[in-house]
Every structure is written in C-alpha cells, then in structure tokens.
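There are 2 protein chains.
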Amino acid sequence: MDATRQKLIETAGQLFSRDGFESTTVREICQHAGTNVASIHYHFGDKERLYIEAVKHAHCHQPPSPQPWAEGATPPQKLAAIIHQMMTVMLDAETPSWHTELMMRELARPTSACEALVREFIDPLFAQLLCVVTELLPPSVPLVERQGLAFSVVAQCLLYRYHRPIGRLLVGENHFQQLTTIEESARRITEFSLGGLQSVATREGAVASKPGESS
Amino acid sequence: MDATRQKLIETAGQLFSRDGFESTTVREICQHAGTNVASIHYHFGDKERLYIEAVKHAHCHQPPSPQPWAEGATPPQKLAAIIHQMMTVMLDAETPSWHTELMMRELARPTSACEALVREFIDPLFAQLLCVVTELLPPSVPLVERQGLAFSVVAQCLLYRYHRPIGRLLVGENHFQQLTTIEESARRITEFSLGGLQSVATREGAVASKPGESS
DNA sequence: GCGTCCATTAAACATCCGTTTGAAACAAGC
DNA sequence: GCTTGTTTCAAACGGATGTTTAATGGACGC
C-alpha cells in the first residue's frame, strides 16, 4: 500500500538524519516502521533510493524558499529578512522535524542526492541573497567578490547548526543558550554583516558608487 | 616492529580523514599499509584505539597554536593575523596532510576524543580571538555578545572547509578557485569582519567608546 | 468459484565486517 | 643449538549487512 511507502520514508528520514546513511540499517528502519525487511526492496529497489526519496521528501515538506518581501523594503531590511529566515531554519528547535537535519547532513557530506538538492533548492536562495548583497554594494565590486561576501553571511548562520557541540563547549551552556535565540542571533548577524558590507562599499564607493554621479 | 605501527597510523589517518571512521575498513587500511589484518589487533587492540591514536598523532604534528604577534601590532593587524592563520590551516591545500581534515571531522561530529581536543587546542585559540575582538569593541559590549561576534569571525573561515563541495556547485569551479586563495580570502574576511565589528562599536560607542570623551 | 494482480511475509542468500586463532618467521641471549 | 620473546601471517570465526527468493494473503473483476 501507499501508507507503507510513506511510513518507510518518514521512519528512514528520522533515522538517516540521526545516524547518517552508513550507520542506519535497513532492519532498523523496518523494525521502527513495523514492516518487513523486503518492503524496502519492493517499494524503492534498494537502500540508497530510499535515502534519496527521504531527502526529496525532506525539502519538499520543509521548503525554505526565497521569500517575497514587502514592496518598498530597503536592502538592509531585505538582508535582515533573509538572515532571520535562515536562523529560523537553523535554530527552529534543538531536534525539530528531521527534515532540516537530513538536508544539512547532506550538504555537509554530499552524497548522490546532493547536487539535485543544491540545484533545486539552494541555488535560488543563494541567488536571492547575492541579489541583496549586490544592492548593498557599488556596481564596481566584481561578481566573485560579491559571492565571497554572500558566503560570509551564510557562514555565520550555518555555524550555529554545524558546530553546536563545539560552541557549547567553548562558551558554556548558559551563554550558548543566549546566543542561539532566533531573534538575538538574527539581529547580531544582520548588524555584523551590514557593517562588513558597508565597509567594502565605502572603500569601493570612493571611486564609483554614489547614486547620481558621473555615470 | 615500530615501523609497522607508524605505517598503520599514517595510513589509517589518511583513510579515516577521507571516509570517516565507519566507512573505513580495517582490511582497506591494512591493504594500503601492506600489513596483515591482524596487525591492527596486535599493535592497537582494535579499530577504535587505532582511530584515537591517529587523532592524537594528527594534532600532535599539526598543532594550531595561538601565535605571538609583533609587539606594537594594532588590534586590526592582530585580527588580520589570526584570520590569515586560520585560512592557512583551512586552505593549506586541497588534500594536504590528512591531519587537519581528521581534526575537522572530529570537531564536526564529536566523539569522546573531542572535548579533550577542544580544551587543549581550540580553547586557547578562541580565547585569543575573543581577546582581540574585545580590543576592537567598547567595554560596554557584554561578554556574551563579544562571544557571538567572535563566532561570526570563525564561521566565515570554517565555511571554506566544511562546505567546499557546495561552494563549488554554487559559484562554479573557476570562481571557487579565486575565492579560496589564502591571501584573498583572508583579506576579504578580515575587511568584512572589521567592518562588522566597527559597526557594533560605533553603535555602542555612542554611549561609552571613543577615547578621550566625556566620562 | 476462479484467476489475476498487488502487497507482505519469513527465510535464506551472499558478502562484508571486526576480531581471533594458531602456527610460522625472526632475532637475541645464553 | 636451543630457548625465549616478539612480530607477522593465512585462515577462519561469529555476526551483521543489503538483497533476494518463494510462498502467502487479500482485494477485485468476471
């Protein structure tokens, strides 16, 4: 039945996100799903295709999509919105639904499912961020530099998911709690990033930036 | 003999760093090392103790230590030096010695050996960075905020190691090459970070920062 | 009732894993 | 030469893995 398929994807997603592809066994999946070991072969062919389906399901049901912002939003407001949304995804809970964790795991150690995920889902997000970064910089800044700066913005957000354990060890549980509230971290990262971008803008802008100049 | 021990550690380190603990088999290690499968049991007891020895060996031969800077260095110069050193570690080669990669892997998915590694090596480095960040900010900025800002600096450096494959996919091989030269990335991250910190400093500084002011 | 198709099942399959065995090779001391 | 201790070796162990088989159950059309 189709219910078995869904149950398998759901269960496998949880376990894959918790333990990774290699360390999750088909018997473990089937036991938790209450199905027979052969059901995976029957519905998906093999373990790897089940994994791919789980990843697909993950970012279909948790689609962090480029968000449409208010009409007259200024570039800084747009950046703030993007960062806030990212931090919401990164911190939405310690162990929320498994969807985010599975995607993050896939992005950190890419397998076969990775490229599709990037093309389908990360590319648009990054393009949107790059667009906003561009609005905050003079046109003289080359594309590759703008991409690097966009990386700097993304990096700050990713840290709080990928290096949670280290962060805890470094600053202590108490401080780490304070650092990982969505509102506070989004505010801090936004301010830091706007400052960084402005710094680049004013350096470059001395030559070619200000609106209404020579051409 | 002792040469076998060393050969095993060296080989195992390379493979562990490339594929992780689970995905590396003892047979693979021994084949590459040109030894018998039983040699691991004989010299180390089991696979896990060989792994621990490899991690130890890794950060004994690649000790990222706080660097002593020139005497009269300004805080921005100190920050630049720290970031440059970090990027040197992150980018020193695509596949250099396996030491860094193994440590990074350990930090991303901590095992029991992780806390010791943090306490012994990461803590001093982070403390040094926090110290420099503090010098760049007014004293009114609370500790937890300074820690968060230090995270923002570190995060930018870590991105280029942990998300290399995604970065490649996003901006293309050509641009990614340009973004991952040590000098260029260190310059970009330093400028961005100094701007971000300055932004925080001037906001806070309106009350208490500038040297030689009211209070 | 009967045949057909889909879904599920228990059992077995072949392979790989980390580990262990027992003997062989080797060097050093006496 | 013989013993002793250390190191290496081929082979096998017990168990876990992903996968496959062949049989069973049930729903539906006729």
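As you go down the protein sequences, you meet chains A and B in turn. Reading the first sequence from the start, the letters are residues 0 to 214 in numbering that gives the first Met the number 0. Reading the second sequence from the start, the letters are residues 0 to 214 in numbering that gives the first Met the number 0. Just so it is clear, CB atoms sit at the ideal spot from N, CA and C, and this is done for glycine as well.
Exercise for the section: Give a yes or no on contact between the stretch 176 to 188 of chain B and the stretch 131 to 149 of chain A, applying the rule of three or more CB pairs nearer than 8 Å. Expected result: With a cut-off of 8 Å, the stretch 131 to 149 of chain A and the stretch 176 to 188 of chain B count as touching, because enough Cβ pairs lie within range.
Problem - Test: Ala72(B) CB closer than 9 Å to a CB of chain A - result: no
Problem - Identity of the residue in Leu193(B), Lys55(B), Leu7(B) and Lys46(B) nearest Glu119(B) by Cα - result: Lys55(B)
Exercise for the section: Pair every Cβ in the stretch 39 to 54 of chain A with every Cβ in the stretch 76 to 92 of chain A, then say whether three or more of these pairs are closer than 8 Å. Expected result: Fewer than three Cβ pairs drawn from the stretch 39 to 54 of chain A and the stretch 76 to 92 of chain A lie within less than 8 Å of each other, which leaves the two stretches out of contact.
Exercise for the section: Please state whether DSSP places Ala11(B) in a helix, a strand or coil. Expected result: helix
Exercise for the section: Measure the Cβ-Cβ separation of Leu7(A) and Thr34(A) and say whether it is below 9 Å. Expected result: yes
Practice task
Count the other C-beta atoms from every protein chain shown that fall within 10 angstroms of the C-beta of Arg26(B), then say buried if there are 16 or more, exposed otherwise.
Solution key: Arg26(B) comes out exposed.
Exercise for the section: Would you be able to state if there are at least three C-beta pairs under 8 Å between the stretch 189 to 197 of chain B and the stretch 186 to 201 of chain A? Expected result: Contact holds: three or more Cβ-Cβ distances are below 8 Å.
Handout entry: Under the three-state DSSP convention, the category Ser96(A) falls into
Key = It is coil, neither helix nor strand.
Exercise for the section: Under 8 Å between beta-carbons, which chain A residues line up against Glu144(B)? List them in chain order, please. Expected result: Around Glu144(B), the beta-carbon contacts reaching into chain A at under 8 Å are Arg187.
Problem - Segment limits, alpha helix (DSSP H) that includes Leu135(B) - result: No alpha helix (DSSP H) contains Leu135(B), which DSSP labels as neither H nor E.
Practice task
With a threshold of 16 other CB atoms inside 10 Å of the CB of Gly71(B), please say whether the residue is buried or exposed.
Solution key: exposed
Practice task
Determine the closest residue to Ala185(A) out of Ala2(A), His60(A), Leu78(A) and Glu9(A), with distance taken between C-alpha atoms.
Solution key: Leu78(A)
Exercise for the section: Please check if any C-beta of chain B sits within less than 9 Å of the C-beta of Leu14(A). Expected result: no
Exercise for the section: Mind checking the stretch 25 to 50 of chain A against chain B and listing, in chain order, the residues whose C-beta falls within less than 7 Å of any C-beta there? Expected result: none
Handout entry: Where the alpha helix (DSSP H) containing Ser38(A) begins and where it ends
Key = Ala37 to Phe43
Handout entry: Cut-off 6 Å between Cβ atoms - residues of its own chain near Thr94(A), not counting five sequence neighbours on either side
Key = With a pLDDT of 49 at Thr94(A), under the threshold of 50, the predicted position of this residue should be treated as unreliable, though the coordinate-derived value follows. Counting only Cβ-Cβ distances below 6 Å, and skipping sequence neighbours, we find nothing.
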